[in-house]
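Asker: Right, I'll just put the structure down here and ask away after.
Protein chains in written order, with full-length UniProt numbering: chain A, 1 to 462; chain S, 1 to 462; chain D, 1 to 462; chain V, 1 to 462.
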């Protein structure tokens, strides 16, 4: 977590003012219930709420720090400062509780608050992905597997699948939020020996938490591990989107581009450049978020009823991972919202290779017309290779000069070179006539490949 | 995954025989639906089911391998062997599908099968934890935070919290199983250009899967990442239990011990040893399972409509993580089932320090009797320290000789030294009489600390 | 580690035959020294060497396994089988030693042997990189930062930097090999209470190891962690090379291509495809190797004089990481050796944008001719943008139609459009004449950018 | 990196004032060389050094920030502010260089400076470990494997092995420091097209760096990965030491204890506690440092001549890992320096089990007196078990009541119960007399086990 990659709303969650506020609420609610249970004198809670229910200003925080310097204990410092505001009744605050009751429940609240912000971030991102998906639903683009042209897809399908993936992540985060939102007020080793379980239940309810069914001195750390695993998954999906954009912005591809504000400089040395720096940055931030997963998993195994090894880790990865992911999701949403797309470049690339992307379509057509799979494959492959050759590429003789025969030269005058070659292939024409080929394939290529986009969109967005 | 840490039922899932069986089912179900959709001639599916629905014997697998050596393509080799069994109708099998449709759906089925086994493992473990929790519900044991004696807990509470943690893991695995159980039969780039989406829906239903709402050439890898994250969490919780047992078996603690079969040798060099080797082993296996999390997260970001970088990783971590975890969960369940506990040692340890574990109980009692928090703390602390001194331990002067005064020497004749000292402390007796102290604290210490065990058990097991 | 990604020479290192052979040598050398120290009777060692110095055949291994089933102790089983071959003298073997003395020293030997193989792999890879670097030393190619065209480099520079990086990795591996090659024969807790340190020193010398200066029951695990960290670094550098090739093979780039054997099939569904599957596979294998780093680091902290948690981890990652990396390095070397390069495509890409890659060269030239940095930047940038516009790209108005003025249209007839525009820019011509611009820039662009390739090659290969 | 776990000397390295200072030096040294090479006018460098060689005060930094807000480029902002101080000559600064030349070389300098501090930290730690090793060289303590009593070691041996391990880490860090200390001033894609390699060589020399033999736009990231791997190893070794201390401080063990300042509070709820919070904290900090390893390895593979994904990661893990480790090493050194040890407790624990730790010594003695290994083992084991029984522990019947026979009861009056039982075992006495046993074992147990401590210390410290 560094200022460069932080947003205030999220860093505030991890600030002392918010932390002490949560501590106060935990203590005050606990006191209310204790009073009801006749563990503390009647009227105590009212005094504490009346006099203590105030903002934690910088001055108050400074006072707590001052006391902590002396007593070397954060919760005691907090309670002492509170008693300075509240008076004698403060001595009943925290009764029968242990520091971890306050600290651990507070961490749960902070992680819940952080999750709420992240869910808002994801909603913005999901909205952007959906909008762009709809805008580009039928914007045709060559699909690529292995970085190699395969068959046509649409830009809308790309956005739609990122939407579906992030939607799953959203559900995972909703679950993780629910899992982390527990309250433990169970005393030094979790036995409730000195505090009534009903206090825990009451505080939980007031704070929007569930009571932790069984705690030790602390809340079990598998809950936190799960939370960080989900952040790691979101980060990885974010990287997935970022890498797609980086690829599309490559000079040779240039099918999409991050938005550049007028006047924005690219490279200092190379004034002509438009670099995908936002998505490159997001690729790095994904690594940074993901690195919290392993220590969070290592934190699960604690000695007996707790050791404190997890604490220093969480002091770091708690803010780090949530602040960085919040910033990154915001950046990603902005990038998607403003992403510039180049449909003509998409079409040009797709049409660069004489219809070779329809090779499988022909293959299928042949097998459906009584040509065996093996023969069909051979026929289609040899003609696909001739298409390549007509573009000066001989994959079977990559080092040698490309020597075209007359048909290959002639093909250069045709747009759909695949069909041109096929129509001259006797292996094929022995099975069916050129007219049949024409008739059967008269559906235009684009609508052939996009005919189920609608079905898919229904599945994703309906 | 190595034989030493493997069980057959799980390794079978990853064997060729199972893999080819799943491939056959996917292809055959797809064919059934294609026939219904009039994409292939009537009667085709029946022939394929009748002639092809057979076990994949070692002979058949060898034949597939032989063909693969030649054609260098696993799915084609599989289809060719199938056609040798089925005859001409086989040419309609796989029509309009892409290899990944079969491979990726198969992986989903295998991971689903593996999850089912792991769920069975967890059920056995949960049952063991529950049984042992009930057996030891009131077996008192000193609770420890930071490895230091704190206040009493019960052995049953330890088992109960492991139960609750594993139960949460079980739910996570149920979710991960559901997430991974999807079917994609959508063609080379996921557009269904060459195959009807209803084929996918039908196969999904037949195989106990959901249709993947939107795929590319492959099923999105966030689903797999989630699965391995959950395995990592289960492993970490397993480590949590293992570490507890290892601690309890330490020579100086010896409150529990892994079961040793009569005649089983411990150390070769040191015949007197009884080592917690099972739980040490489980600690290592936890690391081995967990190491699949990071590569699974790295697998999420693929280039465009797929690159194949994820594949080699999954060929390894798929079997490795599931086989190892299956073995480990079995070992852990066995260890819990047979774990030997030493209640007398537990009591002895708890009573080793003159009742000092009741320090907080007294603290609370004082504050409830109008002594301020600060005074209470001081009173209790100074008497606790005297208890330690009476045992020859002077924490405030650790290097020096322990010089006891007369009272401290006298205390050595008392069991509850804390109360002995307190009753002689004028700071306390100015606030209340010794009789009050006695009366109020006449509840015996053990029942004081265990009074809410029942409530907790209800929460966990009800 | 799976057969698909394994080579026999490396898997053999981890086979029982090799392991038992190493055990025998450790025991026999130790015996030789013990005899010299008069700890065992004269003549004992000769008998053991004479009768025991034989290959571990499958029959012998089966016998050892049989015994182990009974005694449940691997070293005892080994010693028993040995005594069946050697006779009564065998009882002096292993005297005063502990199992870990044999097991841990053996692991060191295996890791040393594995390192030796990996070093051989790296030598092949380094040789390939060097050869290809020299072949393509001056093969010009556009350099890319952020995936965007920057300034020219040469293909040779790419190979050269991979060479330099792998050379550093080689040195790291040499160090790691030396670090892991230690021998511990120090007894149950490392005190040499029951065995003379000179035995350790002698065995170390005979086996090509150093004596471990201080061990506990085991050799300290930071040595192993270091080894796996180095494997992780090699894997990451391998990924670095793989990603470069995958990028160069993209359809739109096609500046290089993995070698395809005549007749080799690409995609089953799309017969026209040539996919970079080897380097994609290597990208995945890099993740698989790298995943051993974290558990190896987690293995360092052991309880007291040892716990056995590290052992199961090492049984897996020892073979897995070395076998996979050995296979991957071989695959990478083969890929480099046969990589097909397309120099014409490289030139075409570089020249696709009217000399805009010389923008910085002009910038520098202007500042050296008394134009301020800010003015120079503005001049160059505005003309660079016009170059883009003349290619139909208007980065400042990406959504709108590209409206070219007359000069921009005229530019389309020029190869070096950057200079064409600059020569018409009054902001520039007020500082210097077009002739000056011409004179000063008459060095051809390619030799300008490649003039220090020689210096760099000297640094790398000299 | 959070203030709680930070030390100023290290955080200063990562502050803007230090960063800009390094940038200035790189630029000014480069200029000096350029002037010598006649690339810039004579006298330029003197002006820049004279006027620019000043501290980067908060005011200057604020001014740079202000400019950066406007131009959105950190290096340009820096250069602009510099020109405000230096005047017209500033326009020659940075000529032919690229931002990364400055940024990447600066990062190398910062990582070198951080390594220097860490080396100082390690020296303090090594000194502490050595001092404590010497103090406790012959302080006998039971050695433990698997957490179970094995044979005696000394406290000094523990410190000595931590010393040896940290010494290896120190060497690794020296290497990593040397590897990271390189200088790249090679222009936009590393070809030196616009800058003379001699500039790089000169700047390197002046800054205590080596010239990077071959760079792209950036210094290759395997160097950084190596650095973070080494930090991860140091962290893991730190955890190794921390875990040892935590174990020794357990209530039941209490052989060592972290120093507590008089008046320092332990638990708020449990006033009697002395928790090993420093070493628990170090255990967590080890995880936090280690988490930088994976992203550093992921940073190695960059696209073509660079992508900027590594940058955000390094902005975080650079400061985070070094600051945290610096703090942690300081804390660890302090903990070792003041660690309180309890030699009497050590002796008591060792002697708690009637000499059973000499079991192997007897075993060895028997085999050396013509008893077969198998018989020896049986004899020793059965008597060791009787020792346990005499302490009320029956490992073979853990659930049942321990029923002692007369000899076992009698043994309770003997200190060395193992010898007591052995002397009554006819299996033994048929091979040798009790007097022989006595004579041969009259060397006292402690000096038997510690006789090679000297040899080991010589190896480690000589």
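Yeah, the Cβ is synthetic: ideal placement off N, Cα and C, and Gly gets one too.
#1: Pair every Cβ in the stretch 172-189 of chain A with every Cβ in the stretch 181-191 of chain S, then say whether three or more of these pairs are closer than 8 Å.
#2: Tell me whether residue 381(A) sits in a helix, a strand or coil according to DSSP, three-state version.
#3: Does the Cβ of residue 152(V) have 16 or more other Cβ atoms within 10 Å, making it buried, or fewer, making it exposed?
#4: Determine the DSSP secondary structure at residue 284(V), reduced to helix, strand or coil.
#5: Spell out a yes or no on whether the stretch 331-339 of chain S and the stretch 108-126 of chain S are touching, meaning 3 or more CB-CB pairs, one atom from each, closer than 8 Å.
#6: At a CB-CB cut-off below 9 Å, which residues of chain S make contact with residue 245(D)?
#7: Report the residue ranges of all beta strand (DSSP E) runs contained in full by the stretch 131-201 of chain S; include only those spanning at least 3 residues, in chain order.
#8: For a contact meaning CB atoms closer than 7 Å, what does residue 122(V) contact in chain D?
#9: Return the CA-CA distance between residue 409(D) and residue 103(V), expressed in angstroms with no decimal places.
#10: Under a three-way DSSP split, which group does residue 62(D) fall into?
#11: Who are the Cβ neighbours of residue 61(A) in its own chain at under 8 Å, not counting the five residues just before and after it?
#12: Counting pairs of Cβ atoms below 8 Å between the stretch 366-377 of chain V and the stretch 275-287 of chain V, do you hit three or more?
#13: Alpha carbon to alpha carbon, how far is residue 300(S) from residue 225(S)?
#14: Can you tell me whether residue 502(S) is helix, strand or coil according to DSSP?
#15: Taking residue 318(A) as part of the alpha helix (DSSP H), name the residues at either end of that continuous run.
#16: Counting Cβ pairs closer than 8 Å, one from the stretch 228-241 of chain A and one from the stretch 69-83 of chain A, do we hit at least three?
#17: Helix, strand or coil for residue 211(S)? Go by DSSP, reduced to three states.
#18: Helix, strand or coil: how does DSSP classify residue 460(D) here?
#19: In the DSSP assignment, what are the bridge partners of residue 341(V)?
#20: Just the C-alpha distance for residue 51(S) and residue 85(S), rounded to the nearest angstrom, thanks.
#21: For residue 277(A), tell me which candidate among 339(A), 298(A) and 289(A) has the shortest Cα-Cα distance.
#22: Could you say if the stretch 4-15 of chain A and the stretch 315-325 of chain A meet the contact criterion of at least three C-beta pairs nearer than 8 Å?
#23: Mind pulling the chain A residues with CB within less than 7 Å of residue 316(V)?
#24: Under 8 Å Cβ-Cβ, which residues of chain S neighbour residue 294(A)?
#25: Hey, would you say the C-beta of residue 362(A) is under 8 Å away from at least one heavy atom of the ligand MG?
#26: Is the distance from the Cβ of residue 39(V) to the Cβ of residue 196(V) below 9 Å?
#27: Counting only C-beta atoms, is residue 421(A) closer than 9 Å to chain D at any point?
#28: Select from the stretch 430-449 of chain S all residues with a C-beta closer than 8 Å to any C-beta belonging to chain A, and list them in chain order.
#29: Count the other C-beta atoms from every protein chain shown that fall within 10 angstroms of the C-beta of residue 434(A), then say buried if there are 16 or more, exposed otherwise.
#30: In chain order, what residues of the same chain have a beta carbon less than 8 Å from the beta carbon of residue 245(V), not counting five sequence neighbours either side?
#31: When the Cα atoms are used, what is the spatial distance from residue 146(V) to residue 305(D)?
#32: Determine, using beta carbons only, whether residue 136(A) and residue 387(A) come nearer to each other than 9 Å.
Answerer: Reading off the structure:
#1: At 8 Å Cβ cutoff, the stretches do not touch.
#2: helix
#3: It counts as buried.
#4: helix
#5: yes
#6: Within 9 Å Cβ-Cβ: nothing; residue 245(D) doesn't reach chain S, min ~12 Å.
#7: 140-145 and 148-154
#8: Those within 7 Å of residue 122(V) in chain D number zero; the least Cβ separation is about 13 Å.
#9: 40 Å
#10: helix
#11: 16, 17 and 20
#12: no
#13: 7 Å
#14: In the structure as shown, chain S begins at 1 and stops at 462. Residue 502(S) is therefore absent and cannot be evaluated.
#15: 309-338
#16: no
#17: strand
#18: helix
#19: Beta-bridge pairing links residue 341(V) to 256(V).
#20: 6 Å
#21: 339(A)
#22: yes
#23: 2 and 288
#24: Contact annotation for residue 294(A) against chain S: 290, 293 and 294 [CB-CB distance below 8 Å, chain order].
#25: Annotation note on the ligand MG: not contained in the displayed structure, which lists no ligands.
#26: yes
#27: no
#28: Under the 8 Å Cβ criterion, the stretch 430-449 of chain S contributes 448 and 449.
#29: exposed
#30: 256, 258, 276, 279, 335 and 339
#31: 8 Å
#32: no
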